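Read in order, the letters of the sequence shown are residues 43 to 1187 in our numbering. Have a look at the structure below before the remarks.
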Amino acid sequence: MRNCLQRAATLAALVCAATTVQPARAIDWDDAGNSASKLWSDNGNWNPDGSPANQNVNIGNLANAANDMTLFDGGYQITGLTVTNGADVVNSTDSGATNDFELIVNGDTSVSGSGSSIIIFGGDPDGLDTNNLTIGSGGSVILNSTTAQGTAVVEVDGDSGTGLLDIDGGTLIGTGRVDLEATPGVATTLLTNNGTITANTAPTFIGLAPAAGTLRLNATSANARFDWDGTGTTATILSHTININGNQTLDVDISTGTDGYGGTMNLYTGSTLDMEFGWELDAGVINANTPAFGLIIIGQDPFPGPGATIAGADWSMTGGTVNIDDTWDTLILQSNVNATGGTWNVAGKLQVDGTATFGAGTDLAPSGNGAQLVVNGSATISQTSFNWDGFLTTEVNDGASLTINSTNIDTAVDGYDGTLNINGGTVTVGNAWELEVATVNMDTSNSDSDLSGSAITVNSSAATINVTGSGASEADINAELIVDAALDVNIDPGTTLDLATNSVNVTGTTWDGGAGSRLRNGAATINAATTYNLPGGDIDLDDGNDTLNAQLTINADAIDTSSPATDGVDGTLTINNAGELAVNLTGDVPWRMDGTLNYNGDAISGVFISGASPVDFTATSELNVNGEGAISSRAFFRGVVNINDAPEDLELLGGSTVAGNTNEIDGGTINGPGQLAIDSGQSLRGHGTINAPIRGDGSTSQLIAADGTLDVNGMLVSMGTLGTSGAAAVLDINAFNTNATNIVRLAGGRIQGGLITNDGANGINGFGEVASRVNNNSRIDAEGGNLVLSNATSLWDGTSNTGSLNAISGNLELIDNAAYLFDGTVSVSNGREVFANGFELEFEPASTLSMAGGAYRSTNATDLGGNVDATAGVSTLRISGSTVFENNSQTTLTGDLQLDNVRTIVQAGAGFAGGGRLINLAGRPLILEDGANAAVEVDNQGVLDLGVAAAAQATVGNLNAGAGAEMNVDIAGTALSAIDTLAVSSIANLGGTLNLSLLGGFAPSLGQTFTILTALSRNGTFAAVNQPATMPAGLMFDVLYNPTNVQLSVVNSVAYTADFDMDGDVDADDLIQWEGDYGLNGDSDADSDGDSDGVDFLAWQQQNGSGVPPAAAAVGAVPEPATWALLAIGALALAGLRRRAGGVR
43 MRNCLQRAAT LAALVCAATT VQPARAIDWD DAGNSASKLW SDNGNWNPDG
93 SPANQNVNIG NLANAANDMT LFDGGYQITG LTVTNGADVV NSTDSGATND
143 FELIVNGDTS VSGSGSSIII FGGDPDGLDT NNLTIGSGGS VILNSTTAQG
193 TAVVEVDGDS GTGLLDIDGG TLIGTGRVDL EATPGVATTL LTNNGTITAN
243 TAPTFIGLAP AAGTLRLNAT SANARFDWDG TGTTATILSH TININGNQTL
293 DVDISTGTDG YGGTMNLYTG STLDMEFGWE LDAGVINANT PAFGLIIIGQ
343 DPFPGPGATI AGADWSMTGG TVNIDDTWDT LILQSNVNAT GGTWNVAGKL
393 QVDGTATFGA GTDLAPSGNG AQLVVNGSAT ISQTSFNWDG FLTTEVNDGA
443 SLTINSTNID TAVDGYDGTL NINGGTVTVG NAWELEVATV NMDTSNSDSD
493 LSGSAITVNS SAATINVTGS GASEADINAE LIVDAALDVN IDPGTTLDLA
543 TNSVNVTGTT WDGGAGSRLR NGAATINAAT TYNLPGGDID LDDGNDTLNA
593 QLTINADAID TSSPATDGVD GTLTINNAGE LAVNLTGDVP WRMDGTLNYN
643 GDAISGVFIS GASPVDFTAT SELNVNGEGA ISSRAFFRGV VNINDAPEDL
693 ELLGGSTVAG NTNEIDGGTI NGPGQLAIDS GQSLRGHGTI NAPIRGDGST
743 SQLIAADGTL DVNGMLVSMG TLGTSGAAAV LDINAFNTNA TNIVRLAGGR
793 IQGGLITNDG ANGINGFGEV ASRVNNNSRI DAEGGNLVLS NATSLWDGTS
843 NTGSLNAISG NLELIDNAAY LFDGTVSVSN GREVFANGFE LEFEPASTLS
893 MAGGAYRSTN ATDLGGNVDA TAGVSTLRIS GSTVFENNSQ TTLTGDLQLD
943 NVRTIVQAGA GFAGGGRLIN LAGRPLILED GANAAVEVDN QGVLDLGVAA
993 AAQATVGNLN AGAGAEMNVD IAGTALSAID TLAVSSIANL GGTLNLSLLG
1043 GFAPSLGQTF TILTALSRNG TFAAVNQPAT MPAGLMFDVL YNPTNVQLSV
1093 VNSVAYTADF DMDGDVDADD LIQWEGDYGL NGDSDADSDG DSDGVDFLAW
1143 QQQNGSGVPP AAAAVGAVPE PATWALLAIG ALALAGLRRR AGGVR
């Protein structure tokens, strides 16, 4: 801008010089006859000679001035300037190196003619200040801001307020600033381009990149307008051209108003068009030519250079053409553009950094083999037909979006064959399209990459989707993906691909992922074999409802590990006939089904879940089986299973029968009416409810209650093993027959519920409790622990009377409350026990009690009417009541049989055989009834009694009487039938005590003899003999021990009043008897005074040893009274000592 003080001084001088304004004179540059001096200050260079100040200056109009370069070397004011014929006007004497000057033209300035120019170097304030400036054809105004003098400035101010810069066939070129400072009151064109505007900085050397520079077109007034494509009325107009050369910026700060650009704009390498105000391209051409700086080798394409940029205000395109003609050319749309018409010819790179809208009337036409579309902002393409894959690559970067609303994206089959790189941006295609020989790369390094819109159909096996990057971001395909050709999907380690609706219709599609990768498959329909292959990654099946019409194989580290970490498949999974889900997770860990799984099969069984990983149907899950289906992986049932078709079944094929590798029911419910089938070699274990008929295929199938109650309300069709496992296990089952099973096996816990008809060959086995009523037509075996049958209504030998009760490797307890007539078999192994608790198990003639070193125990008296076998070791009968070996029973002792009963009775006709011993334990009575024949070795350690209330004759094989044994013999008369007689078929080894009793008031006479025992051979004697309490006075039985018998002979007795134990002598045993009776009773009463006291002790003392009969003592010397007193005192003293001693103990 003009210096205001200087202008004011000049005006004052003019006023003082004259009272009227003198017309300006013209002065011409004549070069003083080709003078070496080109300075304006050299007056000889002018015609007429003198100074050009305040004159109209013409340079180039004279012959000598043509093509002459003139240098104004001072601050000049002139009234006009015309430059023609190749002449130049320069505002510096040294090309701007050290000086520059301002030329003020208080009128019009024009430059025209080929080679004519005004060259302005940087100056302060302006290099050229003129009212109007016209750049005619061939002329140029050159601004050079590359020197140390700074920015070159041309000011056009127009004193009339309409100062015009008119480029009329000429050129405005360089870098610097053009200031249009006129201030019109209405919108007025202050800059017209009927020629060429070029932003340019010459490079230092040809081929090198020029320094960056800016040509700024600036206006002071908001009413200023820039007519940048001119009027087209001047004959000399060559074009309406704008050139922005390499690394240059054309900064247009003047509004173009409503004037659309209809000229030609050439944008070169690294250039920028920066518009402050909105503008329009209506008929013009924009060419982007951006090869790399450097020499171009003939025959070789240049490398791409930095792109050309359109920046600044929003603009519109209603017509015209944008050309990016070569693969090395790039146009960057940094400002926002709305294209509703025109053509974009793109053979290179079109880069959208702002917002670009390509409307229906626009032709965005990529071509060639290297076209690229790069979106860093937002691009919307709505033209009817868009040849998308004409762009070899499309790149949508972080935060950017590309929306394609075209009806067709290809001119042929509407398919995409290019490369689409989504690097954290979003691509939305509004109409269905096809993915052909194409690659989609989705990078999630910084942000989510999103492919959205209408359905995408893959119809080429050459199509590929690649997911790369890392971090929390993911690749989202939110459009429906229809795979009609084998698709190759690659998910890099640590990345996520999130699908919306998708369907796979051909085989061969594999979704591959690395460690830490994740695939969210959305709502998938699998119509052909498909593999999700993400070893070390995870699959999320939660994002939609999936339908499998073919096999889907999942190889991954986990299914659904997203928050919450224990998340399962929450949606609805439908597997139709021929569909299958095969899951193989790292370490064969289970996968969870939290939602609903519907299987729709037919009458032919098909596997719908398989793989090495178990499926966990959680508490919130529901499995609906329609038709016949099978699960070949292990399955855990915690939710609801509905087997909906009565003729069909759900078959469990997975796992084994080994605990920890079985199918499990954990609180779940399985409903019919269809059957639940367990395959051979498979098991279902746990607790829950089964309301469906249940079938086991083969003898190795299992249904086992564990860890709670398993309610089986459906019919048991068949099963290999039915049972329990663990103390907490309860099998609550409806009535069933064990012939539907291979075995009922308890391993702890309890079986309860309906009647168990035990017809199965292997019956009921194990340990625990059977609370159900049992009709035992087969066998019940206690093994591994205690087996308790607690239902008192059970039929212990069944309706067939053939059932067996066996304690094999455990104890068997039977609980009842009434006597039961038993015709079956009880067997007891070594160290084991069968216990009849609360009742008599009465062994009928057809029964067998077999013991091989074990015990039979009962709380009640027991009749043994069948076979009793002691086959090995030492077996025991332990009965809290009378035990009767009944007539016609048969006892065979291969081993020993202990009698630990309250009382044991052997009836006549009870058979005994074998080489074992019948051992009557200490303190236990053994009663041999009249006629009894225990034809085995009897080892009596208790009490052997012949008969009960009458004399009896009985037989044994051998007899061993231990030291503590007792034998009771009753005599009721002299007849043999009135005498207890024991016939020992072999050897009698005597010992213990013989207890004699007289029955029926019988009083034997002196000299009578009674045989009470016969034997093939007798050894030993009775250690003690207790005489009958009713033996006549003065008589006693003398025991005669003969080689083959034992007899009792009636003899006179020597009465010993101190024979307190009544064994015929007075010894230490009688003292012990007295000590026990002293002061308590009269059982040690030697003096017949009714008590046991010290006097009785003196009698014992006197009779100890051989003893003195009381009669003899009476006949002998009777002690004097003093002696009696002494004895009494001694007795009292002894009694006192006795009491004290007792007190001390």
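Glycine included, every Cβ here is placed at the ideal spot set by N, Cα and C. Predicted, not measured: the structure shown is a model, and the values here were computed from it.
For Leu529, there is no enclosing alpha helix (DSSP H), as DSSP gives it neither H nor E. In the three-state scheme derived from DSSP, where H, G and I count as helix and E and B as strand, Gly791 is classed as strand.
Between Lys391 and Thr372, the beta carbon gap of about 4 Å places them in contact (Cβ cut-off 8 Å).
Contact annotation: Gly840 and Gly827 have beta-carbon atoms that are not nearer than 9 Å. Annotation: Thr481 to Ile507 spans about 6 Å, alpha carbon to alpha carbon. Take the alpha-carbon of Val469 and the one of Asp636: they are about 33 Å apart. Taking 9 Å as the cut-off, the beta carbon of Asn265 is found closer than this to the beta carbon of Thr225. Under a 10 Å Cβ-count criterion, Met111 is classified as exposed, with fewer than 16 other Cβ atoms of the shown protein chains found around its own Cβ. Using a C-beta cut-off of 8 Å, the region 1078-1094 makes no contact with the region 1127-1144, since fewer than three inter-stretch Cβ pairs fall below that distance.
Within the region 65-128, the runs of beta strand (DSSP E) at least 3 residues long that lie entirely inside it are, in chain order, 68-71, 98-101, 111-113, 118-120, 122-125. Collapsing the DSSP output to three states places Phe1139 in a helix. Taking Ala803 as the centre and dropping the five residues before and after it, the same chain places the C-beta of Ser820 closer than 7 Å to its C-beta, in chain order. Using a 10 angstroms sphere on the CB of Ser559, the tally of other CB atoms reaches 16 or more, which defines it as buried. Just measuring C-alpha positions, the residue of Val870, Ile451, Ala571, Ser409 sitting nearest Ser496 is Ile451. Ser675 has its alpha-carbon roughly 8 Å from the corresponding atom of Ala624. The Cβ atoms of Ala194 and Gly216 sit closer than 9 Å to each other. Of the candidates Ala244, Asn618, Thr589, Ala244 places its Cα closest to the Cα of Ile184. The C-beta distance from Ala407 to Gly384 rounds to 11 Å, too long to fall under 8 Å, and the pair is not in contact.
Here the alpha carbon of Ile720 sits roughly 11 Å from the alpha carbon of Val759. In this structure, the beta-carbon distance from Thr369 to Ala413 falls below 9 Å. Shown here for Asn285: same chain residues with a beta carbon closer than 6 Å to its own, the five before and five after excluded, namely Thr240, Asn308 in chain order. Ranked by Cα distance from Ser409, the first of Asn365, Asn378, Leu1036 is Asn365. Note that the C-beta distance between Asn520 and Ala542 is below 9 Å. As for any beta strand (DSSP E) of minimum length 3 sitting wholly inside the region 298-328, the runs are 306-310, 314-317, 321-323, ordered along the chain. Thr1072 counts as exposed, since fewer than 16 other C-beta atoms from the protein chains shown sit within 10 angstroms of its C-beta. Taking each of Leu145, Asn127, Ala129 in turn and checking the Cα distance to Asn96, the smallest one comes out for Leu145. Non-local C-beta neighbours of Val948 in its own chain, meaning closer than 6 Å and more than five positions away in sequence, comprise Phe927, Leu970, Ala974, Ala976, ordered along the chain.
Scanning its chain for C-beta atoms nearer than 6 Å, with the 5 sequence neighbours on each side dropped, one finds around Ser515 the residues Thr486, Ser489, Asp490, in chain order. According to the DSSP assignment, Ala991 belongs to no alpha helix (DSSP H), since it is labelled neither H nor E.
Under the DSSP definition of a beta bridge, Gly896 lacks any partner.
Note: Met761 is bridge-paired with Thr783 in the DSSP secondary-structure output.
The three-state reading of DSSP puts Thr704 in coil, since its state is none of H, G, I, E or B. Note on geometry: alpha-carbon atoms of Asn755 and Ile785 lie some 19 Å from one another. Here DSSP, grouped into helix, strand and coil, assigns Asp431 to helix. Excluding residues up to 5 positions away in sequence, Arg676, Gly697 lie with their Cβ nearer than 8 Å to the Cβ of Asn703 in the same chain. Contact between Leu539 and Leu523 is absent: CB atoms are separated by about 11 Å, not below the 8 Å threshold.
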